[in-house]
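Asker:
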Amino acid sequence: MQSNVEMTPRILSAVSILTKPLEVSAHSSEQEAFLAALESNRTVLLEQLQSDSSFTDLRRLRETVKATADWFCCDTEDATWSFVQELLLLLLTLTQHLQDELQRFKQAPPPAVRTHRTPEMAPPLPPDVFSVSQQKTLGAALQFVVSLGLCPYLAPGVGVPLARRSAFGATVEKAVRREVPPAAERRLLTTTKVLLQVAELSSLATLLFTRHLGDVMAALSQLGYQPHRDERPLSSDECRLCKDALGNLLGKVYQPIVIKELLILQGGAKQGGPAGSSGSSSGSSSRAAPGSAPAWLRRLCGQLLSSRLMQPNGVQAVVRAILEGGAGSECDWRKCDAVARILVACPKQSVSADDYFKLVCPQIVDLLHFKDKLTALQFQRVATRAVLFLVQERPAFAQQYLLRPLGAPLQRCISAASSGDSCVAVEESEVTCCVEDVYKIWVLGNSSSVTLLTELQELLPVIFTLFCFTKQNVSHLRGPCQEVLLWYLGQTEPSSALLVLRKLSGLSPRTNDVAAGFHFTAGSAGGARLSSRDACSNEEDELYEQLSGEQWRLECLVQLLAELKDSDLPGDFFLDLLQELTSWTAAAEEEEPDEEELERHLSAGAERRGQRLALLQVLAVMAECLQHTQLLRKITQVVDFMVSLLQRACVGLEQDRGSRAGNPVESQTLSLGISLVATLLSGPQLNPEDYSSLRRLLPPLELLSRLHPEQLIQELASSLRAVIATHGAYRGENLPAAAAAQGSRHPETPKSNPQTPVTPHSRLPAPPGASLSGDRQSSGTDPGTPAPFSDWLLEACDPNVPTRAYALRMLTRMVQEKEPEAVQAQEKVLTLFLENLEHEDSFVYLSAIQGLAALADSYPDRILDRLLTDFQPGPSLSPSSRERSLETRLKVGEVLMRASRAMGELAPHLGRPLLGAFLQGTRDPDQSVRASSLSNLGELCQRLDYSLGPLAQEVSSCLTALIKTEKEAEVRRAAVHVIALLLRGLSDKTTQVLSSVLLDLYRALKWVLRSDPDQVAVLHAQLALEELDAVMRRFIFPEQKLEKKIVVLP
């Protein structure tokens, strides 16, 4: 008698005999050859069961199982069904044997395991574990059972037909004889029941459902739910058992796989190829058209899918079923949108829409919190699109179950209540999760829905407060907060955005901000949490903290506005504040309270003064931090600015014409406005829309032409008014020059930045060229014609500082562009630059330094020699002359440093004379010259590469001597910094170029670390040692590179 251990291989050997391919003689058709092979394998198996003594126990167990199988038909004329019956008997035999073995294994382990058990031994394998070859045999057997005993009996449109799976599928379907007993429905029921019995064993269930789950589901659906016109081939109990089996199966299997198979069943499959008629579908009441599933199956799959969706984690299962198995890391956006549409569509079988969305919406929010990058990207897309679709179609449910729960942590920041002790009102994880969710839904979703904007507006003050906190610390929440704020300001209506900006800047009462007594504190993971604020006992400290906090919030708001590069919102906000400032000025003029109202007026005066101070503070910070090109981007904004400016200058002209005439501030403001209008009108050709916008200047200009006490202002205002009214048809003589002259009458007027480029589209004045352009216009020269070279030479000697500096910049540009006149007059230009190098104004001598650097870059051979001569120390001079000479040498040193940077690959050729001069400068009596020479030496050495090798010893000796003997800390710092620059510039070439002096430099740096009292020098030494460490690591451990080399053999 065989042992139980050998029974499993015997059963699988019998299965292998039944399923192995067999050589048969050629027949007339492929179908006959297939049937002959099935019948031959079946005959060989039965003969071996009867004759082979090794199959005795298997034959006995098979007979036992056969006796209990009431479905076995001995006299069937269908060879395929006879073959399937033998396979089903063997599978049931294997199942019965393994179940008995598992029960004995659980009750008592094998004796060898009990006696020789050691701690390091692996646990014993249960008897239902199969080898790879055994799994392959069982997989082939299950495929035969499904292909011959299940798929041919499915109704059209139910499941995927065999003809669509392989080219041999049509032959298999033709080989099945459905007209002979037993009936097709009975065959389908038998196969399905046996497969479910086999699946009770987990190891066999894995083999079955990983490949044939859809076929089993299709069979159970047809057996339990297919309607029939005539008498049903199955009893009601059998149909009910099939329905229960389908429900149990769907509950046990991994839900995404179940949903995927249900979607396949619901979609059906095109009926292609020569498929025979199914006897089971002859009585179907719902004939499916080719290419679609029957109506009853579509309804059933829809109901089952809805039930899957409404289960816990059902949303995640649906998303995984549709999106898993995509093409690599690329997310199919159409699939994501389709899944989102499915999630927001309330199924018909749901009791109410409220119950459905109450169950599904929290699961949609959970999709935003996955950590896996690929999964998170896809799930985030689905969640975002689902939220947007729900907001569009059902905004009430979206607000109740999605948006408000999503922003609940930030809402708790608004309504937090203090308990008296120091406590955390909102944890860091909650704040981080909420901010990230808001960023994903609003910013990445990028839908300007009114519902979304309204919901976000309530959270905006808290987000801004959190943003201000992150600007003071290192936090990963800074980016999301900034993006959310910028998105809202860019998407909402301008009027709403202005109201929000007024609230955030403190000009309007704050609402929905962080609760009083609470503030954000740093979290342990780089986020923020809301904690109760400690009470401050000192009133002055509390006031200072409040004022500094307000100032910081205002600076953060202006930095936020600076990020709106292509938006008109900063300019609109600035003009709105200017208009309010004008209204405040007008109100101040009209306020003349009598004695009865004096008490009320005084009580409200403090509040008004506070509001005015806050307004002026916001305007001052915006004017200081934002560029004019961002505040006044369009001509309409420029006109609004001038209207506000002129209206403020005109306030009080009708009431008191004398008191304001001598006010310098008002006079300067009015002169600036007149100059701006004149410059704008004298610019390029204006279009009708521009003149239409300029018509708003007519009332204040008319008021100035009538009431201003100065005759020149009246005439200018009248002329400008005539130009605007006639759309440029009337042009006053020398209007821009007169406006410039009017502006020059007030030298206290702050000058504009001379470096601001004059661009035609900006249409703004350029004060640096005012005198030059005025002279040319008065002499009849076209202002658009470039000035000749001789004029710029004359302007470079002008006593007016802005004019001289501007001319030097123009000469520098001509030298850089190598214009012929500048090339011919090199000596004149060089002399002019050297003379201006001694000018006391920084704007002039910096322009001269830039010009000399341009000359040295264009003509290095001649210019560098002259500069080196001026850099060398001269003979003994008087103290005052020596001081001027020192300043000039430092400025020439700056020119040489810029020239060294611009040499590039020519540094080895042109740098030798510079190197000698810099080394000589390190011995200069003045410490500033020594430090300057060392700085220039570092800039030059890091560009010399291999040509530094012969001079390495000299440079090293100079640096080490200065490090150890120099008394001035500034010079020692410069010497150590030269070593750092040298190592950084040479990089991987350090070990070759400095091989002879590298040890000396290393010892010098270590000496600085140990002995130098100056902390800055120590810091430079640490940085230099880090550079050296990086170089040596790359030298000792070179980076491994995978390279392909193609060698051509001779």
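Heads up: the sequence shown at position 846 corresponds to 929 in the numbering used here, and the numbers run straight through without jumps.
Note that beta-carbon positions come from the ideal geometry of N, C-alpha and C, so glycine has one too.
Can you tell me which of the three DSSP states H602 falls into?
Answerer: The residue you call residue 602 lines up with position 519 of the sequence shown. Residue state, collapsed to three classes: strand.
Asker: Tell me which residues share the same chain as S727 and place their Cβ nearer than 7 Å to its Cβ, disregarding the 5 neighbours each side in the sequence.
Answerer: Here residue 727 corresponds to residue number 644 of the sequence shown, with the count starting at 1. Closer than 7 Å at Cβ, skipping near neighbours: L658, L661, Q662 and T665.
Asker: Relative to the C-alpha of Q700, which residue among L590, V545, S558 and L729 is closest?
Answerer: Numbered from 1 along the sequence shown, position 617 holds the residue referred to as residue 700. Answer by Cα proximity: L590.
Asker: In whole angstroms, what is the alpha-carbon distance linking L1092 and L709?
Answerer: For the purposes of this step, residue 1092 is taken as residue 1009 along the sequence shown, with counting starting at 1. For the purposes of this step, residue 709 is taken as residue 626 along the sequence shown, with counting starting at 1. Looking at the two C-alpha atoms, the distance is approximately 44 Å.
Asker: What is the DSSP secondary structure of V72, reduced to helix, strand or coil?
Answerer: Because the chain here runs from 84 to 1133, residue 72 falls outside it and cannot be looked at.
Asker: So, under 8 Å CB-CB, L221 and F213 are touching, yes? Tell me the CB distance rounded to an integer number of Å.
Answerer: The residue given as residue 221 occupies position 138 in the sequence shown. The residue given as residue 213 occupies position 130 in the sequence shown. Yes, they are in contact, since the Cβ atoms of L221 and F213 sit about 7 Å apart, within 8 Å.
Asker: Under 8 Å between the Cβ atoms of V545 and N621?
Answerer: Against the sequence shown, residue 545 aligns to sequence position 462. Against the sequence shown, residue 621 aligns to sequence position 538. No.
Asker: Tell me L613's beta-bridge partners as DSSP assigns them.
Answerer: Counting from 1 along the sequence shown, the entry for residue 613 is found at position 530. Note: L613 sits in a beta bridge opposite V509 and F603.
Asker: Could you give the C-beta distance for V281 and L271, rounded to a whole number, given that I count them as a contact under 8 Å?
Answerer: Taking the sequence shown and counting its residues from 1, the one referred to as residue 281 is at position 198. Taking the sequence shown and counting its residues from 1, the one referred to as residue 271 is at position 188. Not really, about 16 Å apart at Cβ, beyond 8 Å.
Asker: Are the beta-carbon atoms belonging to L387 and L333 less than 8 Å from one another?
Answerer: Here residue 387 refers to the residue found at position 304 of the sequence shown. Here residue 333 refers to the residue found at position 250 of the sequence shown. A contact, by the Cβ cut-off of 8 Å.
Asker: Tell me whether W379, by its Cβ, gets closer than 7 Å to a heavy atom of the ligand FAD.
Answerer: The ligand FAD is absent from the structure shown, which contains no ligands of any kind.
Asker: Please name the residue, chosen from L173, D415 and G232, that lies closest to T274 on a Cα-to-Cα basis.
Answerer: For the purposes of this step, residue 274 is taken as residue 191 along the sequence shown, with counting starting at 1. Closest option to T274, Cα to Cα, is G232.
Asker: Please state the DSSP three-state secondary structure of H1060.
Answerer: As a first step, residue 1060 must be located in the sequence shown, where it is residue number 977. H1060 falls in the helix class under three-state DSSP.
Asker: Quick check on the burial criterion: 16 or more other C-beta atoms within 10 angstroms. Buried or exposed for M705?
Answerer: Your numbering for residue 705 matches position 622 in the sequence shown. M705 comes out buried.
Asker: I need the boundaries of the alpha helix (DSSP H) containing W635, first residue and last residue.
Answerer: Your numbering for residue 635 matches position 552 in the sequence shown. Counting along the chain, the alpha helix (DSSP H) containing W635 begins and ends at E622 to A645.
Asker: Select from F440, S776, R381 and F480 the residue whose C-alpha is nearest the C-alpha of G397.
Answerer: The residue given as residue 397 occupies position 314 in the sequence shown. The shortest Cα separation from G397 among F440, S776, R381 and F480 belongs to F440.
Asker: For N529, count the other beta carbons within 10 Å of its own beta carbon; 16 or more makes it buried, fewer makes it exposed. Which is it?
Answerer: As a working note, residue 529 is residue 446 in the sequence shown. The residue in question, N529, is exposed, as its Cβ has fewer than 16 Cβ neighbours within 10 Å.
Asker: Between which two residues does the alpha helix (DSSP H) holding Q574 run?
Answerer: One-based indexing of the sequence shown puts residue 574 at position 491. That run of the alpha helix (DSSP H) goes R561 to Q574.
Asker: Measure the Cβ-Cβ separation of L973 and S1011 and say whether it is below 8 Å.
Answerer: The residue labelled residue 973 in the question sits at position 890 within the sequence shown. The residue labelled residue 1011 in the question sits at position 928 within the sequence shown. In contact: L973 and S1011 (Cβ atoms closer than 8 Å).
Asker: Taking the alpha-carbon positions, what's the L929 to V975 distance?
Answerer: The residue labelled residue 929 in the question sits at position 846 within the sequence shown. The residue labelled residue 975 in the question sits at position 892 within the sequence shown. Answer to the nearest angstrom: the Cα atoms are 11 Å apart.
Asker: Whole angstroms are fine: how far does the CA of A805 sit from the CA of P903?
Answerer: Within the sequence shown, numbered from 1, the residue matching residue 903 stands at position 820. Within the sequence shown, numbered from 1, the residue matching residue 805 stands at position 722. If you take the alpha carbons of P903 and A805, they lie about 45 Å apart.
Asker: Taking the beta carbon of G610 as the centre, do at least 16 other beta carbons fall within 10 Å, making it buried, or is it exposed?
Answerer: The sequence position of residue 610 within the sequence shown is 527, counting from 1. Buried, because 16 or more other Cβ atoms sit within 10 Å of the Cβ of G610.
Asker: Sort T515, V526 and V434 by Cα distance to L471 and report the nearest one.
Answerer: The residue labelled residue 471 in the question sits at position 388 within the sequence shown. The candidate whose alpha carbon is nearest that of L471 is V526.
Asker: Across the stretch 252-264 and the stretch 310-325, are there enough close Cβ pairs to call them in contact, namely three or more that are closer than 8 Å?
Answerer: These segments do not touch.
Asker: Note down, in chain order, each residue of its chain lying with its Cβ closer than 6 Å to the Cβ of M986, except the 5 sequence neighbours on either side.
Answerer: By one-based count along the sequence shown, residue 986 stands at place 903. Only L993 meet the Cβ criterion.
Asker: Using only CA atoms, which one of E407, Q432 and P885 lies nearest to A459?
Answerer: Translated into the one-based positions of the sequence shown, residue 459 becomes position 376. If we check each option's Cα against that of A459, E407 comes out closest.
Asker: Between which two residues does the alpha helix (DSSP H) carrying W154 extend?
Answerer: By one-based count along the sequence shown, residue 154 stands at place 71. Taken as a continuous stretch (DSSP letters only), W154 belongs to no alpha helix (DSSP H), as it is neither H nor E.
Asker: Taking the alpha carbon of K1089 as the point to measure from, which residue in K1128, I342, K1047 and E1053 has its own alpha carbon closest?
Answerer: Within the sequence shown, numbered from 1, the residue matching residue 1089 stands at position 1006. Comparing Cα positions, the closest option is K1047.
Asker: Under 7 Å Cβ to Cβ from K1136, same chain only, skipping five residues before and after it: list those, please.
Answerer: In the structure as shown, the chain starts at 84 and stops at 1133, and residue 1136 therefore has no counterpart that could be examined.
Asker: Specify, as a first and last residue, the run of the alpha helix (DSSP H) that M393 falls within.
Answerer: Here residue 393 is taken as the residue at index 310 of the sequence shown, counted from 1. Careful: M393 lies outside any alpha helix (DSSP H) and carries neither H nor E.
Asker: Using a Cβ distance threshold of 8 Å, determine whether the stretch 295-302 contacts the stretch 339-350, with at least three qualifying pairs required.
Answerer: With the cut-off at 8 Å, the stretch 295-302 and the stretch 339-350 touch.
Asker: Can you check whether the CB of R391 is closer than 8 Å to the CB of V402?
Answerer: Position 319 of the sequence shown, counted from the first residue, corresponds to residue 402. Position 308 of the sequence shown, counted from the first residue, corresponds to residue 391. No, the pair does not count as a contact, with Cβ atoms beyond the cut-off.
Asker: With respect to the alpha helix (DSSP H) encompassing L237, which residues constitute its N-terminal and C-terminal limits?
Answerer: The residue given as residue 237 occupies position 154 in the sequence shown. Careful: L237 lies outside any alpha helix (DSSP H) and carries neither H nor E.
Asker: Rank V259, Q131, S286 and A1063 by C-alpha distance to the C-alpha of L208 and give the top, closest one.
Answerer: What you label residue 208 is simply residue 125 of the sequence shown in a count that begins at 1. Minimum Cα distance to L208 is reached at S286.
Asker: Contact between the stretch 493-500 and the stretch 558-566: three or more CB pairs below 8 Å?
Answerer: No, because fewer than three Cβ pairs between the stretch 493-500 and the stretch 558-566 fall closer than 8 Å, the two stretches do not touch.
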